[in-house]
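Undergrad: Chains as they are written, first to last, in the working numbering: chain A, 2 to 440; chain B, 2 to 509. Right, I'll just put the structure down here and ask away after.
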């Protein structure tokens with residue numbers, strides 16, 4: 002379906018809803034075109050192609066709200082019946098006066114610059130090039146080490162599109178592309194087969210790093226040989242940049258309007274308050290050129306803004322959508338993160354390790370969860386024991402346990418190693434006084 | 002909200018469908034005996050045996066040694082209650098066909114959301130390209146396979162209106178609020194799902210399934226002395242509208258309230274290794290994470306599981322029997338047939354302490370030269386089948402629950418979990434304990450909450466020293482994730498003692 006055909010069917014669905022009992026409607030068409038090549042033992046293990054098209058319709062009917070979606074939009078008669086039945090069903094719901102489309106003045110007006118989130122040559126890539134990528138990542142590992150028991154390399158790409166029309170005056174669409182190459186290596190360590198993996202990704206195919214992926218995965222697997230758990234204790238912790246999001250995610254979750262309004266947040270009424278150490282500064286910046294989370298409008302069509310979320314440890318902003326904005330009697334800010342930029346420090350990871358007397362570098366999480374209401378958490382971890390500024394031994398099968406209200410106040414350093422290949426641009430982070438459980 | 006134009010599910014439609022069988026068969030195939038029920042499924046997806054055979058022939062045209070087509074139409078509805086009222090509903094319709102070609106252990110796969118011959122042939126060509134030595138494919142004789150009825154239902158969700166469902170969701174809210182005045186917020190959800198599946202493969206096997214699912218959940222938030230806590234209770238079965246009744250609502254409402262209340266005043270144990278008593282029911286998560294995933298044969302054929310060399314060897318005490326079952330009636334994890342047309346079985350993974358079977362899909366059962374176990378499952382037509390669990394449980398053992406608790410000097414008793422995970426190669430697994438008790442000198446003492454427990458699979462299995470007789474299946478909304486695919490599962494366990502696991506906690 003072309004862009005114009007999508008607009009046409011979206012407008013048609015919206016008009017059908019408005020003509021059949023809905024006072025407001027929003028139609029979103031999502032597309033995804035993806036492929037995957039997985040290589041094992043010098044053969045293609047898996048070849049997958051995936052093309053997806055979905056229509057979602059938000060219907061506002063006599064102060065009632067329903068949300069329907071389908072991937073069947075070829076037959077207008079069928080689609081019309083689907084919408085009409087949903088409108089009839091909605092009338093049985095309880096009224097909810099907080100429901101409604103956003104105020105039109107908050108919509109994105111279509112005047113933003115190109116944020117370069119898509120590779121225009123996406124469709125030009127040949128299947129053989131994709132196979133070659135996965136094959137060459139595997140080649141780095143052939144005959145490299147006797148302890149290798151299995152290598153899987155994988156090439157993935159995806160072109161995603163969102164197109165939206167709303168009955169009170171919004172139309173917009175955006176696209177993003179994603180290319181990635183990854184390797185996973187298992188090595189023998191007694192009965193155990195520790196696995197190391199590495200992944201590189203890009204928006205433009207030409208920017209995809211294709212070398213060193215297998216080598217890095219093997220290094221990470223071999224680093225795990227001889228993992229042991231150590232005695233329980235309270236120590237400082239370095240979280241590797243790739244994993245800092247695991248520690249930040251529950252805090253961002255607690256800033257969400259639904260969590261706050263439903264009393265499932267440990268950060269209720271905390272705007273203007275200190276929620277972390279002075280090293281904690283986080284900006285939500287939707288306008289980074291080539292940023293993985295860059296966008297001019299969110300899933301409601303709200304124009305995105307650059308916002309200070311946390312400044313020097315003080316909470317400045319929540320994530321509030323139109324519905325919870327009305328419930329909480331506050332202005333909506335957008336309920337979604339875009340590019341979350343954590344202010345980096347000055348030291349590289351090696352220097353953070355060198356400055357640690359005794360502690361643990363976390364290079365993997367294993368399960369665990371947190372309590373949104375209280376901020377309590379407990380996660381399984383693996384990584385390395387650090388002694389006198391050096392990696393002393395690999396550790397595994399341990400837990401960290403604590404409370405996020407305290408942990409962020411114990412942030413004592415941030416690395417200067419922000420990874421740019423994620424919408425959350427986070428550095429390695431160092432926390433004091435973490436409770437580890439081991440032997 | 003049903004999308005299909007044909008009267009597929011109404012009994013009145015059967016006569017009409019019947020009149021269509023004869024000409025369709027005369028035109029397109031020889032000596033095919035298609036049941037009336039199967040014809041309804043073919044009509045539902047607007048295909049004929051001739052079309053299925055054409056697509057399969059295209060899929061096999063590059064020399065694949067096996068191909069299959071998985072047609073799926075799924076309708077799901079959710080009613081949601083927040084701030085006292087059922088004021089949100091969701092409906093989703095998903096429709097398409099997955100086309101898969103195997104060459105040895107290699108897989109080619111494509112799907113289309115448009116079930117037209119042209120789109121299916123295009124998908125078949127993409128999937129076919131996994132192989133590249135063209136040879137003549139001989140179409141197998143069409144063989145229709147009927148399925149057992151592991152989830153017979155009384156009232157289909159397609160025949161149930163929004164008005165019929167709303168009062169039950171409202172009652173959950175009202176009952177939770179009645180039970181405790183500390184309740185400040187309630188959310189409740191009812192999800193129903195109806196799946197139609199049609200399957201055809203290059204061996205000529207033609208089969209179908211009708212897959213219902215129903216889940217009801219309550220989230221309760223309470224305030225006490227300025228502190229908030231929340232907890233969750235849910236039940237899920239392959240059932241129709243008969244799923245909803247007052248007893249179910251009472252069970253969920255009171256469990257949500259009890260679980261929330263319990264959290265006030267609950268603390269943390271000391272951090273470190275200690276004996277862990279797993280209470281009957283949801284503790285089956287131990288089996289799912291500590292061994293279930295590591296027994297999945299895809300990991301083992303690739304040599305990446307810590308159990309890769311353990312087949313036929315002793316992995317646990319001789320009083321331990323662990324089962325993988327897809328046949329438990331109306332269970333969330335039950336399936337009439339797996340997603341690659343294989344019969345569903347009850348399989349002993351561990352019998353008298355010996356590792357007896359891995360969990361197989363078609364690729365791995367051929368790889369190992371064993372019969373399929375009916376564990377080839379997929380999230381949807383968009384995904385390839387993988388070896389997946391269904392209902393994983395341990396049979397009752399010789400010990401008593403009281404003796405098990407009494408045997409522990411200092412440890413924890415846990416029976417309520419939210420999630421778990423496993424590192425297949427290293428064997429480290431975890432499960433997150435929402436609530437439980439400290440055990441001191443053989444007695445349950447202080448309540449505990451929000452701690453992760455981590456162990457190593459083979460070690461933990463060997464460390465199960467006592468198993469009680471109080472087996473219980475957990476009927477919560479368990480969903481298992483693997484390789485980006487989610488499938489519904491369930492689990493169960495009698496009370497067991499694991500001698501030593503590492504428990505999250507404090508170091509003061």
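Here a beta-carbon is modelled for each residue, glycine too, at the ideal position from N, C-alpha and C.
1. Using a Cβ cut-off of 8 Å (strictly closer), state whether residue 276 of chain B contacts chain A.
2. Is residue 401 of chain B close to chain A? Criterion is C-beta to C-beta, closer than 8 Å.
3. What are the complete beta strand (DSSP E) segments, minimum 3 residues, inside the stretch 33-65 of chain B?
4. What three-state label does DSSP hand residue 213 of chain B in the structure shown?
5. Which residues, in order along the stretch 373-397 of chain B, keep a beta-carbon less than 8 Å from a beta-carbon of chain A?
6. Taking the beta carbon of residue 11 of chain A as the centre, do at least 16 other beta carbons fall within 10 Å, making it buried, or is it exposed?
7. Bridge partners for residue 414 of chain A per DSSP, in chain order?
8. Determine the DSSP secondary structure at residue 324 of chain A, reduced to helix, strand or coil.
9. In terms of residues, what are the limits of the beta strand (DSSP E) holding residue 479 of chain B?
10. Answer with buried or exposed for residue 24 of chain B, where buried requires no fewer than 16 other C-beta atoms within 10 angstroms of its C-beta.
11. One question on the structure: do residue 150 of chain A and residue 304 of chain B come within less than 8 Å of each other, judged by their Cβ atoms?
12. Express the C-alpha separation of residue 181 of chain A and residue 156 of chain A in angstroms, rounding to a whole number.
13. Assuming residue 120 of chain A and residue 205 of chain A are in contact, meaning their beta carbons sit under 8 Å apart, how far apart are those beta carbons, in whole angstroms?
14. Report the neighbours of residue 87 of chain B on chain A: residues whose CB is nearer than 7 Å to its CB, in chain order.
15. State the Cα-Cα distance for the pair residue 94 of chain A and residue 317 of chain A, rounded to the nearest angstrom.
16. Label residue 130 of chain A either buried or exposed according to how many other C-beta atoms from any shown protein chain fall within 10 Å of its C-beta, with 16 as the threshold for buried.
17. Indicate whether residue 426 of chain A and residue 350 of chain A have their beta-carbon atoms separated by less than 8 Å.
18. Report yes or no: is there a C-beta of chain B within less than 8 Å of the C-beta of residue 138 of chain A?
19. Could you give the DSSP three-state label for residue 229 of chain A: helix, strand or coil?
20. For residue 264 of chain A, I'd like the list of residues in its chain whose CB is within less than 8 Å of its CB, leaving aside the five on either flank, ordered along the chain.
21. Using a Cβ-Cβ cutoff of less than 7 Å, which residues in the same chain neighbour residue 10 of chain B once the five nearest sequence positions on both sides are dropped?
22. With three or more beta-carbon pairs closer than 8 Å as the criterion, would you say the stretch 253-266 of chain B touches the stretch 209-221 of chain B?
23. Do you know whose CA, among B/192, B/293, B/351 and B/383, lies nearest residue 111 of chain B's CA?
24. For residue 489 of chain B, which beta-bridge partners are listed by DSSP?
25. So residue 284 of chain B and residue 494 of chain B are in contact, right, with Cβ under 8 Å, and what is the actual spacing, rounded?
26. So, is the C-beta of residue 174 of chain B closer than 8 Å to a C-beta in chain A?
27. For residue 200 of chain B, I'd like the list of residues in its chain whose CB is within less than 6 Å of its CB, leaving aside the five on either flank, ordered along the chain.
28. I'd like the span of the beta strand (DSSP E) that includes residue 26 of chain A, first residue to last.
29. Quick one: residues in its chain with C-beta nearer than 8 Å to the C-beta of residue 66 of chain B, no 5 flanking neighbours on either side, listed in chain order?
30. Which residues in chain A have a C-beta closer than 8 Å to the C-beta of residue 452 of chain B? List them in chain order.
31. Taking the CB atoms as reference points, tell me whether residue 268 of chain A and residue 255 of chain A lie closer together than 8 Å.
32. I'd like to confirm the pairing. Which residues does DSSP put opposite residue 374 of chain A in its beta bridges?
33. Could you check what DSSP says for residue 370 of chain B in three-state terms: helix, strand or coil?
34. Measuring straight from C-alpha to C-alpha, what distance separates residue 509 of chain B and residue 153 of chain A?
35. If we ignore side chains and look at the alpha-carbon of each, how far apart do residue 458 of chain B and residue 267 of chain B end up?
36. Look at the alpha carbon of residue 385 of chain B and the alpha carbon of residue 265 of chain B, and state the distance between them as a whole number of angstroms.
TA: The relevant details are as follows:
1. no
2. So, not an interface residue.
3. With a minimum length of 3 residues, no continuous beta strand (DSSP E) run stays inside the stretch 33-65 of chain B.
4. strand
5. 383 and 385
6. buried
7. Beta-bridge pairing links residue 414 of chain A to A/431.
8. helix
9. From DSSP, residue 479 of chain B is part of no beta strand (DSSP E); its letter is neither H nor E.
10. Bear in mind that a pLDDT of 37 at residue 24 of chain B, under 50, signals an unreliable position, so the model cannot answer this.
11. yes
12. 6 Å
13. 4 Å
14. 94 and 95
15. Residue 94 of chain A and residue 317 of chain A have their C-alpha atoms some 36 Å from each other.
16. exposed
17. For residue 426 of chain A and residue 350 of chain A, no; Cβs fall outside 8 Å.
18. By this cut-off, residue 138 of chain A is not an interface position.
19. strand
20. 374
21. Confidence at residue 10 of chain B is low in this model, with a pLDDT of 25, below 50, so its placement is unreliable and no value can be given for it.
22. yes
23. B/383
24. B/480
25. 4 Å
26. no
27. Setting aside the 5 residues that flank it on each side, residue 200 of chain B is surrounded in the same chain by 71, 208 and 342, each with a C-beta closer than 6 Å to its C-beta; the list follows chain order.
28. 25-41
29. 103, 104, 105 and 132
30. 379, 400 and 402
31. yes
32. Looking at the DSSP assignment, residue 374 of chain A forms no beta bridge with any residue, so it has no partner.
33. coil
34. 44 Å
35. 28 Å
36. 45 Å
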